[in-house]
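Residue numbers (this note's numbering): 722 to 909.
Think of the CB as a built atom: it goes at the ideal place given N, C-alpha and C, for glycine as much as any other residue.
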Amino acid sequence: MIQFKIAILVGSLRKESWNRKMANALIALAPNSLSLEIISIGDLPLYNEDLETAPPSEWIAFRKHLASFDAVLFVTPEYNRSLPAVLKNAIDVGSRPYGKSCWDGKPGAIISVSPGNIGAFGANHHLRQSLVFLNVPAMAQPEAYIGSVATLFDDQGILSNESTKAFLTKFINSFQMWISSNIKREVN
Ligand SMILES: Cc1cc2nc3c(=O)[nH]c(=O)nc-3n(C[C@H](O)[C@H](O)[C@H](O)COP(=O)(O)O)c2cc1C
């Protein structure tokens with residue numbers, strides 16, 4: 722039986738994205754009690770408050786879809802020491818209209834991934850700043866800054882590094898516990 726539904730937002734639109742590969746590796750390692758789905762963010766028109774009078778259909782569909790999940794997981798690269806615009810745009814779209822944010826109260830977690838050796842730390846922490854405001858309780862530990870990502874996959878694009886697999890398993894198990902303790906429950 723599915724305990725929690727987790728939406729995964731990948732901060733890269735690149736076909737051969739390492740972040741997408743990492744998200745798929747995590748999905749493969751997750752327990753059966755979790756349902757994880759990468760949700761599409763690449764087709765969302767850029768956020769413009771003027772459009773709220775008649776929101777684009779892509780915004781409406783995204784908000785509705787996001788609202789159906791229990792928790793959110795961000796898997797993101799770093800662009801210029803921050804998060805990619807496509808991911809920030811999705812965050813902004815999901816946060817409005819004012820007072821109807823889809824993020825509110827959903828437990829969250831972040832994995833940042835880079836071919837470089839700092840593991841996209843800057844993106845990870847800039848994202849945390851928005852999550853505080855959005856009332857997304859973001860898991861603190863284990864932190865996930867995955868660097869040198871190009872060395873972790875085999876020629877077929879399968880995660881082959883055993884310690885990364887063990888780390889991802891620990892990460893997703895911790896996230897399951899984090900969701901259990903932080904999920905918003907209706908109080909009668
Ligand atoms: C506009 C741009 C800015 C970038 N800035 C950073 C950066 O600040 N830190 C970093 O580690 N990598 C940076 N990179 C390199 C990305 O980490 C690399 O392209 C990575 O493969 C992107 O993730 P993806 O494979 O999931 O698409 C940048 C790449 C682009 C295109």
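- Just to confirm, does residue 740 get its C-beta within under 7 angstroms of one of the non-hydrogen atoms of ligand 1? In the sequence shown, residue 740 corresponds to position 19, counting from 1. True, at least one ligand heavy atom lies under 7 angstroms from that Cβ.
- Item | Secondary structure of residue 812, DSSP reduced to three states | Numbered from 1 along the sequence shown, position 91 holds the residue referred to as residue 812. Helix, per DSSP.
- Task: List the DSSP bridge partners of residue 795.
- Result: Sequence index remark: in the sequence shown, residue 795 carries index 74 (1-based). For residue 795, which the question treats as bridged, DSSP gives the partners 730, 831.
- Query: Helix, strand or coil for residue 844 per DSSP?
  - Reply: Counted from its first residue, the sequence shown places residue 844 at position 123. Reduced to three states, the DSSP call for residue 844 is helix.
- Compute the beta-carbon to beta-carbon distance between residue 829 and residue 852, rounded to the nearest angstrom, for a pair I have assumed lies under 8 angstroms. Stepping through the sequence shown from its first residue, residue 829 is reached at position 108. Stepping through the sequence shown from its first residue, residue 852 is reached at position 131. Contact flag correct, Cβ pair sits at about 6 angstroms.
- Task: Flag this pair as touching only if the segment 772-780 and the segment 795-813 have three or more C-beta atom pairs under 8 angstroms; answer yes or no.
- Result: Segments in contact, no.
- Message: So that I know if they touch, is there some Cβ in chain D lying closer than 8 angstroms to that of residue 885?
- Response: The structure shown contains no chain D, having only a single protein chain.
- Query: Which of helix, strand or coil does DSSP assign to residue 880?
  - Reply: Indexing the sequence shown from 1 puts residue 880 at position 159. Three-state DSSP puts residue 880 in a strand.
- Query: Which of the three DSSP states, helix, strand or coil, is assigned to residue 854?
  - Reply: Within the sequence shown, residue 854 is the residue found at index 133, counting from 1. Looking at residue 854 - three-state DSSP - the assignment turns out to be helix.
- Message: With the cut-off set at 8 angstroms, would you say residue 893 and residue 865 are in Cβ contact?
- Response: In the sequence shown, counting from the first residue as 1, residue 893 sits at position 172. In the sequence shown, counting from the first residue as 1, residue 865 sits at position 144. In this structure, residue 865 does not lie closer than 8 angstroms to residue 893 by Cβ.
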